[in-house]
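What follows is a short report on a single structure.
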C-alpha cells in the first residue's frame with residue numbers, strides 16, 4: 131500500500147478512533163479532540179498538496195457478500211481537485227470547531243452552560259462528523275458515498291439534539307426525517323444505476339437510456355435538495371439552530387448541507403451530458419430557493435436563524451452555478467465549486483461571532499442586542515469581515531466565486547444569462563443592505579446592557595483565523611477549480 135493511500139485511510143481511522151477515545155475520557159476529552167483534529171487537518175493539507183494536478187484513484191477491494199453480483203472493486207480512495215477542495219473545507223473548519231468548543235462548552239456559557247460530564251458525548255459525535263465528511267469527500271463511487279452520506283445524517287441528528295430539551299429533540303428529529311427522504315431518493319437512484327449498468331461508478335449514470343437518465347438525475351437532485359435544505363426541504367435548517375453554536379457553524383460552513391451540493395458537483399462533473407431540461411430545473415429551483423430564503427431575512431429576531439436563511443440562499447448559489455455548468459458554462463461551474471470554500475470560511479466566521487455574542491450576553495435575539503462593539507471589539511470586527519465576505523464585497527472571499535458564477539451566466543446565449551445576473555445582483559444588494567443594518571444594530575450605538583470583554587482566547591483565536599480565511603480561501607481554492615471542467 132503506497133503512502134497516499136495510507137494517509138487517506140488514516141484520515142478516516144484516526145478521527146473515528148478518536149471519537150471512541152473521547153467517549154471514554156468524558157470530562158477529559160477536550161485536549162484529545164483538539165490533538166486529533168489538528169493531526170487530521172495536517173494530513174488533509176499534505177494529501178491535497180501531494181495530489182495537486184495529478185488526480186489519484188486507488189481501489190482497495192470489494193465486498194465479500196456481493197461476490198458474483200459485482201466483482202469490480204467497490205472500496206477505494208479518490209483524490210482529485212473536487213475532493214481536495216472539500217477536504218480543505220470540512221477538516222480545517224472541523225478543527226476550528228473543536229478548538230472553539232473547548233471554551234464555548236463550559237459552565238461559564240451564559241446562554242447554555244454545559245457540564246464536563248457531557249464532553250465525551252459531544253466530542254464523540256463531532257469527531258465522527260469529521261470522519262463522515264472525509265469519507266464523503268474521497269469516495270470513488272455512489273455506494274461508498276452513500277455510507278458516509280448516511281453517517282453525516284446520523285451525526286447531525288445527534289448534535290442538533292445535543293441539549294436534549296423538547297425544542298432540540300424536535301429539531302433533531304425533523305432534520306433526520308427530512309434528510310432521510312432525500313437519502314431514500316439517492317438509494318433509489320443508485321439501485322437503478324446498478325440494475326441497468328452493473329456499476330456504482332459516478333460516471334455510470336451517463337450510460338442509462340435518455341429517459342431513465344433524466345429520472346435518475348432528478349432523484350439525485352432531490353437528495354441534494356433535502357441535504358442542502360433547498361425548497362421544498364428548507365425548513366429543517368433554521369430549526370436546527372437549536373444545536374450548540376459551534377455545531378451550527380460546522381453544519382452550515384463545512385458539513386451536512388455542503389455534502390448535498392458536493393453530491394451535485396460530483397454528479398455534474400462525472401463526464402456525461404446532463405439533459406438540458408434537468409439543468410434548467412436545477413437552476414430554476416435554485417433561484418426559487420434564493421428568493422424564498424431572502425424573504426425570510428426580514429422577520430428574524432434570532433441571529434442564528436437569520437444566518438441559517440443566508441446559508442440556504444448561498445447553497446442555492448452553488449446549485450445555480452452547477453446548473454449553468456451543466457448548460458455549458460465551465461466558468462460558472464468553477465465558480466460554484468469555489469463558492470463552497472469561500473462561503474464555508476465566511477459563514478463560519480459569522481456563526482462563531484454569533485456564538486461569542488450568546489456566550490457573553492446569554493441571548494442571540496437581535497432586538498435585545500445593542501452597542502456590543504465597544505466591549506466586544508474583536509467579535510465586532512470579525513462579524514463585519516464575515517458579513518462583507520459572504521455578501522461578496524471585494525476583495526473578500528465570496529466576491530470571487532460570485533463573480534465567476536455571474537460571468538459564466540452572462541456568457542450563456544439568449545436572455546437567460548442577463549435575467550439570472552439581474553436577479554442575483556438585486557438579491558446581493560438587498561442581502562448586503564439588510565445584513566449591514568443588522569450588524570449596525572448589534573454592534574453600534576449605546577449598549578442596552580453591560581457585557582464583559584471578549585470571550586476566552588480559543589474563541590477569539592478562532593475568529594482571527596477565520597478572518598484570515600475570508601481573504602485566503604479563494605487563493606487556496608482557485609488553483610484547484612482551475613483544474614476542473616464541467
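In the numbering used here, the protein residues as written are 131 to 616. Don't be surprised by glycine CBs; every beta carbon is placed ideally from N, CA and C. These figures come from a predicted structure and were not determined experimentally.
How long is the line joining the alpha carbons of residue 203 and residue 277, rounded to whole angstroms?
For the purposes of this step, residue 203 is identified with residue 73 of the chain shown, where counting begins at 1. For the purposes of this step, residue 277 is identified with residue 147 of the chain shown, where counting begins at 1. Going by the C-alpha atoms only, they are around 16 Å apart.
Taking 8 Å as the threshold (C-beta atoms), are residue 304 and residue 383 in contact?
As a position in the chain shown, residue 383 is number 253, starting the count at 1. As a position in the chain shown, residue 304 is number 174, starting the count at 1. Against a cut-off of 8 Å, the Cβ pair of residue 304 and residue 383 comes out as no contact.
Taking C-alpha atoms, which residue in 170, 135, 405, 354 lies nearest to residue 149?
To locate residue 149, count along the chain shown from 1; it is residue 19. When only C-alpha atoms are compared, the closest one is 170.
From this set, 377, 412, 409, which residue's C-alpha is nearest residue 292's C-alpha?
To locate residue 292, count along the chain shown from 1; it is residue 162. Ranking the options by Cα distance to residue 292, first place goes to 377.
Which of helix, strand or coil does DSSP assign to residue 191?
By 1-based counting over the chain shown, the position of residue 191 is 61. Residue state, collapsed to three classes: strand.
Buried or exposed, going by whether 16 or more other CB atoms sit within 10 Å of the CB of residue 532?
By one-based count along the chain shown, residue 532 stands at place 402. Label assigned to residue 532: buried.
Can you tell me whether residue 352 is helix, strand or coil according to DSSP?
Taking the first residue of the chain shown as 1, we reach residue 352 at position 222. For residue 352, the secondary structure class from DSSP, reduced to helix, strand or coil, is helix.
Let me know the secondary structure DSSP gives residue 183 once reduced to three states.
The residue labelled residue 183 in the question sits at position 53 within the chain shown. Note: residue 183 maps to coil in three-state DSSP.
Alpha carbon to alpha carbon, what distance is there between residue 432 and residue 348?
As a position in the chain shown, residue 348 is number 218, starting the count at 1. As a position in the chain shown, residue 432 is number 302, starting the count at 1. Their backbone Cα atoms lie some 34 Å apart in a straight line.
Give me the Cβ distance between residue 471 and residue 443, rounded to the nearest whole Å; I'm assuming they're in contact under 8 Å.
Taking the first residue of the chain shown as position 1, residue 471 is located at position 341. Taking the first residue of the chain shown as position 1, residue 443 is located at position 313. At roughly 17 Å, the Cβ-Cβ gap does not stay under 8 Å, so residue 471 and residue 443 are not in contact.
Consult DSSP for residue 331 and reduce its assignment to one of helix, strand or coil.
Taking the first residue of the chain shown as 1, we reach residue 331 at position 201. The answer is strand: DSSP assigns residue 331 an E or B state.
Any contact between the region 437-452 and the region 356-367? By contact I mean 3 or more CB pairs, one from each, below 8 Å.
yes
Using alpha carbons as the reference points, say which of 427, 232, 209 lies closest to residue 165.
Reading the chain shown from its first residue, position 35 is the one you call residue 165. The residue with the shortest Cα to Cα distance from residue 165 is 232.
Check whether the region 495-504 touches the region 399-413, taking contact to mean three or more Cβ pairs, one atom from each stretch, closer than 8 Å.
no
Based on the DSSP output, what are the partners of residue 432 in its beta bridges?
As a position in the chain shown, residue 432 is number 302, starting the count at 1. DSSP, once it has assigned bridges, lists 495 as partnering residue 432.
Distance, Cα to Cα, residue 640 vs residue 216?
This structure gives no information on residue 640, because the portion of the chain shown stretches from 131 to 616.
Is it right to say residue 355 is buried, meaning 16 or more other beta carbons lie within 10 angstroms of its own, or is it exposed?
Translated into the one-based positions of the chain shown, residue 355 becomes position 225. The residue in question, residue 355, is buried, as its Cβ has 16 or more Cβ neighbours within 10 Å.
Going by CA-CA distance only, name the one from 234, 145, 152, 465 that's closest to residue 492.
Start at 1 with the first residue of the chain shown, and residue 492 comes out as number 362. If we check each option's Cα against that of residue 492, 234 comes out closest.
Which partner residues of residue 205 appear in the DSSP bridge assignment?
On the chain shown, position 75 is the one that residue 205 refers to. Note: residue 205 sits in a beta bridge opposite 191.
Length of the line joining the Cα atoms of residue 418 and residue 592
Within the chain shown, residue 418 is the residue found at index 288, counting from 1. Within the chain shown, residue 592 is the residue found at index 462, counting from 1. Rounded to the nearest angstrom, the two C-alpha atoms are 34 Å apart.
Between residue 484 and residue 437, is the Cβ-Cβ spacing less than 8 Å?
On the chain shown, position 354 is the one that residue 484 refers to. On the chain shown, position 307 is the one that residue 437 refers to. Taking 8 Å as the Cβ cut-off, residue 484 and residue 437 qualify as a contacting pair.
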